[in-house]
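So in the numbering used here, the last one in the sequence shown is 451, and the numbering has no gaps at all. Here is the structure we will look at.
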Amino acid sequence: MLSKSDIAALSEPVKRERAPLDILLEQNQTRLAHLVPVRMGRMLESPFAYYRGTAGTMAADLSTVPTSNVSMLICGDAHISNFGFYASPERKLLFDLNDFDEAGYGPWEWDLKRLMASVYLAAIDNKESKSTAFEITRKTSKYYRETLLQMLELSTLDRFYYSVNADSIVDAMDQGKARKQFEKVTNKARTRNSAQALAKFAVKEENGSHRIVDQPPLTMHSDALPNEVREQLWSQYVNSASSEIRYLLQSFTEIDQVLRVVGVGSVGTRCYISLLEDINRAPLFLQIKEAQTSVLYSYGRQGAQAHIPGGREIRGNGYRVVASQKVLQAQSDMFLGWVDRIPGHDGLPRDYYIRQFRDMKGSINLAALDADGLKTTAKLCASLLARAHAQSHRIGDIAIFAEGGKPLDMALAQWSQGYAKQCTADFEDLKYAAEKGIVPVQYGL
7 MLSKSDIAAL SEPVKRERAP LDILLEQNQT RLAHLVPVRM GRMLESPFAY
57 YRGTAGTMAA DLSTVPTSNV SMLICGDAHI SNFGFYASPE RKLLFDLNDF
107 DEAGYGPWEW DLKRLMASVY LAAIDNKESK STAFEITRKT SKYYRETLLQ
157 MLELSTLDRF YYSVNADSIV DAMDQGKARK QFEKVTNKAR TRNSAQALAK
207 FAVKEENGSH RIVDQPPLTM HSDALPNEVR EQLWSQYVNS ASSEIRYLLQ
257 SFTEIDQVLR VVGVGSVGTR CYISLLEDIN RAPLFLQIKE AQTSVLYSYG
307 RQGAQAHIPG GREIRGNGYR VVASQKVLQA QSDMFLGWVD RIPGHDGLPR
357 DYYIRQFRDM KGSINLAALD ADGLKTTAKL CASLLARAHA QSHRIGDIAI
407 FAEGGKPLDM ALAQWSQGYA KQCTADFEDL KYAAEKGIVP VQYGL
C-alpha cells in the first residue's frame, strides 16, 4: 500500500545545486564548436524546445529529490517528442520510444516525470490554458499506471511480444485533428526509405554513382570521419551486427559520408550519414551517431552500472544505447550496431551506434494538435512507456506505486507543472545570456 509520505516524496520539488546554463556550457565543450550556435538557436525556439535539449539539467535536478528506490533500465529522455514511427523488421509501421542516447539504470519515475513535464510544456506551447495543460498532464500519469497494471496481468512473454502498429492506432481514433495528423504522418513515413533519401539528398555523378549534396552548416563533407578510420569503423560495426545483416552488408560498398546535424539536444555531437550502394547502385543509407555518457550517470549521480542488459560488460556507450534500445522497444531496426573508440579529426576516441537513416521514420507535429489530440498522443506515449518499463523483473515493485491512484496522479502532475514553470524561467535565462553574448546563437537552422 502506497502511503501519503511515499507520494509526498515523489512530488517533492527539486533542490537546484547547479545553474542550468553551466551544464549547457559544460556540454557544449564536447560538441563541434561551429555547431554550438545552432544548438542554442534551436533550444531558444520555445520553452518546450529548450526542455528537449536539457536532459542533463533535468537529471541533475532529479538527483536532488527523493526517489522510489526502484531502479531499472529506463530511457533517460522520455519526453513526448521522443516517441515516433519507424519500420519493424517485417516492414510494418510501428509507434514506440525512439531515442535511447541517455538510456541506462535509474528510478522508473524519472522517465514518467520527463514525459509529464514535456506534455505540460507542449500544451502551453500550443496556447492551451494552464488548467487544460494540467489535466492532460494528470491523465498522462493515469494512462501510465493503468497500462502498467494491465501489463502485470500478462505473462512475461506476452509483455515481451507486445507492440503497437500504426494502423491499429489510427483505426482506434475518433475523427478529428489527431486522426488526421496521425494519418498524414503515417502516410508520409511509409514513403521514407533509402531510395527516397537518395533522391532528396544526393546527385548522380558522371560515372553513375551518387554523392550527397553539401548543405552547410547542417550537411558537410568536410566534417566527415577521416578516410583512414572508416575501415576500422565498418569492421567493428559489421562484427556487432546480427549474422544476417553481416551477410547482407557484403553486397554493399560505402561511397560517400557526410556529417549531418539532427535533433535539438544532439546538435553538435558527431552524427554522420553514410551512403552505401550495391552492385546495381541501389542505395542504403546508414546513420552513425555519437554516443556520449548517459546524463543519468554524468549528471544524475546514478553511477554507471557494471552491466547493461543481459549481464554483459559494457563495451562502450554505443553498446549501451543499442542494448537498451533492444530491451525497451517492442521491435528494433535490424541494422542496429555499435563501434567503440573511433578516433576523429582531433584524434580523440569516441563511441557510436549505427542504424538505418529515415527508414519509415515519422514524428507527430505536436503544434498541429488540439487539446484532445494532445491528450490522445500523451495517452499513447504513456502506455508505451509503461510497456517498456514492464520488461523489467521489477514490474511488481513499480506496480505498488501504480496502485497509488488519483493521489499519485495529482502529486506527479503538480510536480510536473512546477518543473515546467522552472524550465520556462531557465529558458528566459538562456535567452538573456544569448542577448548578452554569453552564448553564441544562430537562429533558423
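Beta carbons are placed, not taken as given, at the ideal position from N, Cα and C, and that holds for glycine.
Could you tell me the distance, in whole angstroms, from the CA atom of residue i to the CA atom of residue j?
i	j	result
Q181	S135	23 angstroms
V267	R198	18 angstroms
F341	K412	42 angstroms
R217	E211	7 angstroms
A312	L302	Summary for A312: the model assigns pLDDT 46, below 50, so the residue's position carries little reliability, and this model does not support an answer.
F101	T382	13 angstroms
V445	D164	49 angstroms
D173	G90	14 angstroms
W114	M157	15 angstroms
A184	P355	44 angstroms
S87	E434	22 angstroms
M179	L386	11 angstroms
R307	K186	42 angstroms
L118	N233	42 angstroms
L282	Q448	32 angstroms
P95	L372	27 angstroms
G317	Y325	Interpretation of G317 is limited by its pLDDT of 48, a score under 50 that renders its predicted location unreliable; the figure taken from the coordinates is listed afterwards. Using only the alpha carbons, I get a separation of about 13 angstroms.
E141	E32	36 angstroms
D105	A392	16 angstroms
G402	G269	35 angstroms
S215	S257	16 angstroms
V327	Y358	9 angstroms
M78	L16	17 angstroms
E189	N75	40 angstroms
Q362	D339	7 angstroms
V20	S169	35 angstroms
F1	A39	Lying outside 7 to 451, the shown extent of the chain, residue 1 is not represented and no answer is given.
S248	I404	33 angstroms
K332	R400	18 angstroms
P206	R97	A quick correction: the sequence has Lys, not Pro, at residue 206. C-alpha separation (whole angstroms): 22 angstroms.
Going by the beta-carbon positions, is the gap between residue i and residue j smaller than 9 angstroms?
i	j	result
L50	A288	no
G274	R37	yes
A93	K442	no
D83	R22	no
L292	I279	yes
R48	H85	no
A201	A426	no
A25	S300	no
L231	I294	yes
T259	D284	yes
D177	P53	no
T146	V125	yes
V191	S389	no
L99	C81	no
E59	L27	Before going further, note that residue 59 is Gly rather than Glu in the sequence given. No, Cβ-Cβ distance for G59 and L27 is not below 9 angstroms.
D107	A297	yes
D395	L160	For the sequence presented, residue 395 should be read as His rather than Asp. Taking 9 angstroms as the Cβ cut-off, H395 and L160 do not qualify as a contacting pair.
L451	V44	yes
I348	V235	yes
T143	Y305	no
W116	A65	yes
Taking 8 angstroms as the line, does the beta carbon of residue i fall inside it for any heavy atom of the ligand HEM?
i	result
Q181	In the structure on display, the ligand HEM does not appear, and there are no ligands present to speak of.
Kindly indicate which three-state DSSP category residue i falls into: helix, strand or coil?
i	result
T138	helix
Q293	strand
E237	helix
N171	strand
D435	helix
D177	helix
Y111	strand
E260	strand
E189	helix
R287	coil
D102	strand
S77	strand
Y449	coil
S124	helix
A374	helix
I401	helix
Legend entry - Inter-stretch contact at 8 angstroms, needing at least 3 Cβ pairs: the segment 421 to 430 / the segment 56 to 74: yes
Inset, instruction - Note down, one range per segment and in chain order, each alpha helix (DSSP H) of at least 4 residues found wholly within the segment 300 to 372. - result: Fully enclosed alpha helix (DSSP H) runs of 4 or longer: 301 to 304 and 323 to 334.
Inset, instruction - Decide yes or no for the touch test of the segment 145 to 157 against the segment 401 to 411: beta carbon pairs closer than 8 angstroms, at least 3 of them. - result: These segments touch.
Legend entry - Length at least 4, wholly inside the segment 195 to 232: the alpha helix (DSSP H) runs in chain order: 200 to 207
Inset, instruction - Take every Cβ of the segment 328 to 348, pair it with every Cβ of the segment 240 to 255, and state whether three or more of those distances are shorter than 8 angstroms. - result: yes
Inset, instruction - Report yes or no: do the segment 216 to 231 and the segment 378 to 395 share at least 3 C-beta pairs separated by less than 8 angstroms? - result: no
Legend entry - Ordered list of alpha helix (DSSP H) runs contained in the segment 25 to 79, each at least 4 residues: 26 to 34, 42 to 49, 53 to 58 and 61 to 68
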